[in-house]
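Here the structure comes first, spelled out in structure tokens, and everything after it is commentary.
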Amino acid sequence: MHIQFSCIGGFANLDLNFQIDTNELPQEKNEELKNLMKTADLSNPHLSKIVGAKSQGADAFSYQLDIVNEKKKQSFSFTDTTAPEEVRPLLDYLRNLAIEIKMAE
Amino acid sequence: MHKKDCSKMKCQCFIVPNYILENLAQNEVEAARISIAKSRQVRRRRIMKEYDINGVVALTDAGSERKGESARHVYDCKGGTKLRQNEARKEGDRSSGDSVVNHAYDYSGVVRDYFKDVLHRNSIDNEGLDLILNVHYGDKFTNAYWDGDEMVFGDGDGVIFSNFANSLDVIGHELTHGVTQFTSGLEYEGQSGALNEHLSDVFGVTIKQFHLKQSAQEADWLIGADIMGPTLKGQALRSMKAPGTAFDNKLMGKDMQPDHMKNFYRGEQDNHGVHINSGIPNKAFYLVSMEIGTDKAALIWFNAMQNLFATANFNQFVQIVLKAAQKLVDSGEVTDTAIRTIEDAFKAVGLPE
Ligand SMILES: [Zn+2]
Ligand SMILES: [Zn+2]
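Here's what the structure looks like:
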């Protein structure tokens, strides 16, 4: 599975992004990511409604997540305010991974 | 250049609509009406969220449509992403064992009291809306935001950023987003979005200077200096004195805020640069404060804030600030040299265009 992720803006106006093949991740991380994706329930059709939702307030991060596997490509965009509760832990995880990758560059 | 929805007959791009400038009294009545309507909306939304969270409509003060007492409620998310879960300290409670909870409580009190005592505004909605602050949100969450009803603060990653709630200017900044929502409702996009950010930075630093009893000359004019992690001491997120010089590090890259219209950011990131182009009016506010004092500059900006409208651009902002300053000169609250000072400060950053 191929993942492309970005987390942009926020109070500190960050610009974080990466793309990886999940096979490249250490097994432990790969497992954790799979679990978080399961929790996020990304195939739930109600998520597609959120993608176009207007973000409320100010200083929220904007997240873009593209997932490609053999069968299909899925694209999601969320902000801190529009992301559904189930997806937030996954976004936390991906954002921290993005920071880790950027700092290791 | 005209915006696409702007006919030449009724150009909205440069000139402030007349109903705003010429009919201020009427406008203030209208603003008050809108503010009350918005206040009801937030109170209802808060109840709806309560319903989502608990499955029952809790009988909290959030449900009341009476004037509130701008009571503080600090919630501990305990690393989770649900809001308003565990109330850690509410108005009048004794100090908590958690210093982050205490900072959120104390600093939001300083901000609320500044708006009330100095600017005579009764909380975010001017109707005493309660202040809701969520701390320890998420896992190493490197952000703080205003979600339209309440404030949310992350712990930071511990390397680049420390806790976002441990800073008076950050809490002042977020709470001011609430005030903006209830006054002009500046759209969070492009120039109006950069003005929204600018106003939050203005009151963030102003309240910090007021609290520390610093003059414009003594202050550092930095936003977010207190939340930079141990390896980045001395850096900050924004500098109003010297936009573009606040940080230079591996995670964030180099500060790209312009301090002049000639370097205006035209890219689409960050809602077309709301945290970037705010450097331009930020610098102008700094220059004005150095001449007439931050307290007087903030008074003028606060008055301007209430006469702004949702789609205001930089040029229109300059006009409205000057108009607000003239009113304060007429009432004797500000000396008449302020007008020239403001014109010169905006000119120094290339405004009006
Ligand atoms: Zn902001
Ligand atoms: Zn026009």
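Protein chains in written order, with the working numbering: chain X, 502 to 606; chain E, 10 to 362. C-beta: ideal position from N, C-alpha, C; glycine also. This structure is a prediction, so every number in the text was calculated from the model and none was measured.
- Quick one: any contact between the region 149-160 of chain E and the region 574-585 of chain X, if contact means 3 or more CB pairs under 8 Å? The answer is yes - the region 574-585 of chain X touches the region 149-160 of chain E, with three or more Cβ pairs under 8 Å.
- May I have the straight-line CA-CA distance separating P361/E from I309/E, to the nearest angstrom? In this structure, the CA atom of P361/E is about 18 Å from the CA atom of I309/E.
- Return the chain-ordered ranges of every alpha helix (DSSP H) run that is complete within the region 166-218 of chain E and spans a minimum of 4 residues. Qualifying alpha helix (DSSP H) stretches, in chain order: 177-191.
- Give the residues of chain E in contact with M604/X, contact being defined as C-beta atoms less than 7 Å apart. Result: K259 and L260.
- Item | Alpha carbon of F506/X to alpha carbon of N531/X, nearest angstrom | Rounded to whole angstroms, F506/X to N531/X spans 15 Å at the Cα level.
- Neighbour-count burial assignment, G213/E, 16 or more Cβ in a 10 Å radius: When all chains shown are included, G213/E counts as buried.
- Message: Could you compute how far the alpha carbon of M314/E sits from the alpha carbon of K91/E?
- Response: In a straight line, the C-alpha of M314/E is about 32 Å away from that of K91/E.
- Cβ of F173/E within 7 Å of any heavy atom in ligand 1? Answer for F173/E: no, Cβ out of range of ligand 1.
- Chain-order list of residues whose beta-carbon lies under 7 Å from that of D164/E (same chain, five-residue window excluded): For D164/E, where only same-chain residues beyond five positions count, the Cβ hits under 7 Å are H145, K149, F150 and N172.
- Which residue's Cα is closest to the Cα of G106/E: I289/E, V83/E, L128/E and V127/E? Of the listed residues, the one whose Cα sits closest to G106/E is V83/E.
- Query: Got a sec? Which residues, its chain only, sit under 6 Å from S209/E by beta carbon, not counting five neighbours each side?
  - Reply: Taking C-beta separations shorter than 6 Å and ignoring five residues to either side along the sequence, the partners of S209/E in its chain run H182, T185 and H186, following chain order.
- Taking the Cβ atom as the reference point for each residue, do A113/E and I43/E lie within a distance shorter than 8 Å? Taking 8 Å as the Cβ cut-off, A113/E and I43/E do not qualify as a contacting pair.
- Query: Which residue from Q218/E, N143/E and D268/E puts its Cα closest to that of E227/E?
  - Reply: The alpha carbon of E227/E has as its nearest neighbour, out of Q218/E, N143/E and D268/E, the alpha carbon of Q218/E.
- Contact list for D542/X against chain E, beta-carbon separation under 9 Å: By Cβ distance, chain E contributes nothing, its closest Cβ being about 15 Å from D542/X, past 9 Å.
- Could you tell me if the beta carbon of D560/X falls within a distance shorter than 7 Å of some heavy atom in ligand 1? Yes, the beta carbon of D560/X sits closer than 7 Å to at least one heavy atom of ligand 1.
- What are the residues of the region 511-524 of chain X that lie near chain C, defined by any Cβ-Cβ distance shorter than 9 Å? The chain inventory of the structure shown lacks chain C, comprising the protein chains X and E.
- Query: Where do the N-terminal and C-terminal ends of the alpha helix (DSSP H) with I289/E fall, by residue?
  - Reply: Note, I289/E: alpha helix (DSSP H), G288 to I301.
- Who are the Cβ neighbours of G253/E in its own chain at under 7 Å, not counting the five residues just before and after it? So the list reads D264, M265, Q266, P267, D268 and G288, once near-sequence residues are dropped.
- Any heavy atom of ligand 1 within a distance shorter than 7 Å of the CB on H82/E? Flag unset: Cβ of H82/E not near ligand 1.
- Message: Does K222/E come out as helix, strand or coil in the three-state DSSP assignment?
- Response: Shown here, K222/E sits in coil according to DSSP, grouped into three states, outside any helix or strand.
- Query: Does the beta carbon of N597/X come closer than 8 Å to any beta carbon on chain E?
  - Reply: Yes, its Cβ sits closer than 8 Å to a Cβ of chain E.
- Message: According to DSSP, S141/E sits in a beta bridge with which residue or residues?
- Response: Note on residue identity: the sequence assigns Ile, not Ser, to residue 141/E. The partner list for I141/E (beta bridge, DSSP) reads H82/E.
- Taking buried to mean at least 16 other C-beta atoms within 10 Å of its own C-beta, is A541/X buried or exposed? Per the 10 Å Cβ criterion, buried.
- Identify which residue in K271/E, D158/E and F294/E has its Cα closest to the Cα of A225/E. Of K271/E, D158/E and F294/E, the residue nearest in Cα terms is F294/E.
- Task: Flag this pair as yes or no: are the beta carbons of G199/E and H281/E separated by less than 8 Å?
- Result: Taking 8 Å as the Cβ cut-off, G199/E and H281/E qualify as a contacting pair.
- Message: Rounded to whole angstroms, what is the Cα-Cα separation between P585/X and I285/E?
- Response: Each residue's Cα considered, the two are about 28 Å apart.
- Query: What does a CB cutoff of less than 8 Å around T189/E pick up in its chain, not counting 5 residues either side in sequence?
  - Reply: So the qualifying residues of the chain are L195, N205, L208, S209 and M314.
- Item | chain X contacts from the region 236-249 of chain E (Cβ-Cβ distance under 7 Å) | Of all residues in the region 236-249 of chain E, L246 have a Cβ within less than 7 Å of some Cβ in chain X.
- Message: Is any non-hydrogen atom of ligand 1 found closer than 7 Å to the C-beta of S209/E, if you look at the structure I gave you?
- Response: Here the distance from the Cβ of S209/E to the nearest heavy atom of ligand 1 is below 7 Å.
- Query: Is E196/E near ligand 1, with its Cβ less than 7 Å from a heavy atom?
  - Reply: Not so, every heavy atom of ligand 1 lies at least 7 Å from the Cβ.
- Could you run through the region 284-310 of chain E and flag, in chain order, every residue whose CB is less than 9 Å away from some CB of chain X? Along the region 284-310 of chain E, the positions whose C-beta sits under 9 Å from a C-beta of chain X are H284 and I285, read in chain order.
- Query: Cβ-heavy atom distance between H369/E and ligand 1 below 7 Å?
  - Reply: Absent from the model: residue 369/E. The displayed extent of chain E is 10 to 362, so no value can be given.
- Query: F162/E: which of S193/E, P290/E and V110/E sits nearest, CA to CA?
  - Reply: That would be V110/E, whose Cα lies nearest to the Cα of F162/E.
- Give the secondary structure of H503/X by DSSP, where H, G and I count as helix, E and B as strand, and everything else as coil. Here H503/X sits in strand by DSSP.
- Query: Where does P290/E land, buried or exposed, given buried means 16+ other C-beta within 10 angstroms?
  - Reply: Buried, since its Cβ has 16 or more Cβ neighbours within 10 Å.
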